[in-house]
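S.K.: Pasting a structure here, questions to come.
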């Protein structure tokens with residue numbers, strides 16, 4: 037089961053997506069469907085078929101967001117977190133080969149394709165890093181075996 041935690045930034049992004057879909061995109065597509073339906077034979081009307089499918093996709097996503105948003109718990113920065121890895125931390129890690137990675141630990145709902153620098157709190161990497169400090173080592177279990185990473189830097193966005 038996915039963790040229901042989210043950063044304020046992630047929550048605001050989902051709220052904006054919901055508002056855009058419901059207040060702008062859906063009315064626009066509904067107008068096109070209504071117009072296309074008024075032309076007559078719907079079975080061979082590409083505008084009608086495509087936009088009706090799009091309308092169902094929008095409605096599905098809106099229903100999902102309406103159910104999800106009240107369940108999410110926004111995690112705000114707390115000064116007690118400083119110096120250790122917790123939810124919302126941006127962490128720089130390095131392995132023995134000198135490979136350096138930097139990412140932010142966020143909720144699973146905040147992971148999307150164009151953000152390669154976010155990892156889910158539910159991921160093995162995030163779980164291995166939790167509560168660690170700078171210079172600590174974290175052993176991450178992967179399908180290829182255990183990998184050791186060292187923490188170089190921990191920062192937080194102060195909301």
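Numbering (the numbering used here), first residue to last: 37 to 195.
Backbone N, C-alpha and C define an ideal beta-carbon position, used for all residues, glycine too.
1. Could you tell me whether the Cβ atoms of residue 87 and residue 72 are closer together than 8 Å?
2. Taking just the CA atoms, how far does residue 125 sit from residue 177?
3. DSSP three-state label for residue 69, please.
4. Nearest to residue 112 by CA position, among 106, 94, 50 and 44, is which residue?
5. Along the chain, which unbroken stretches of the beta strand (DSSP E) at least 3 residues long are found entirely within the stretch 143 to 179?
6. Going by C-alpha distance, which of 60, 166, 193 and 90 is nearest residue 186?
7. Can you tell me the Cα-Cα spacing of residue 175 and residue 133, whole angstroms?
8. Should residue 118 be flagged as near chain D, meaning a C-beta pair shorter than 8 Å?
9. Excluding the 5 residues preceding and the 5 following residue 51 in the sequence, name in chain order all residues of the same chain whose CB lies nearer than 7 Å to its CB.
10. Per DSSP, which one or two residues make a beta bridge with residue 41?
11. Can you list, in chain order, the residues of its chain whose CB lies under 6 Å from that of residue 173, leaving out five sequence neighbours each side?
12. Quick one: any contact between the stretch 54 to 72 and the stretch 114 to 122, if contact means 3 or more CB pairs under 8 Å?
13. Ordered along the chain, which non-local residues of its own chain (more than five positions away) have a Cβ less than 7 Å from that of residue 94?
M.R.: In short, the structure shows the following:
1. yes
2. Those two C-alpha atoms are separated by around 21 Å.
3. helix
4. Ranked by how close their Cα comes to the Cα of residue 112, the residues 106, 94, 50 and 44 have 44 in first place.
5. 154 to 156 and 173 to 178
6. 166
7. Taking the straight line joining both Cα atoms gives about 15 Å.
8. The chain labelled as chain D is not found in the depicted structure, where only one protein chain is given.
9. 105
10. DSSP output for residue 41 lists 109 as bridge partner(s).
11. 184 and 186
12. no
13. 57, 61, 62 and 65
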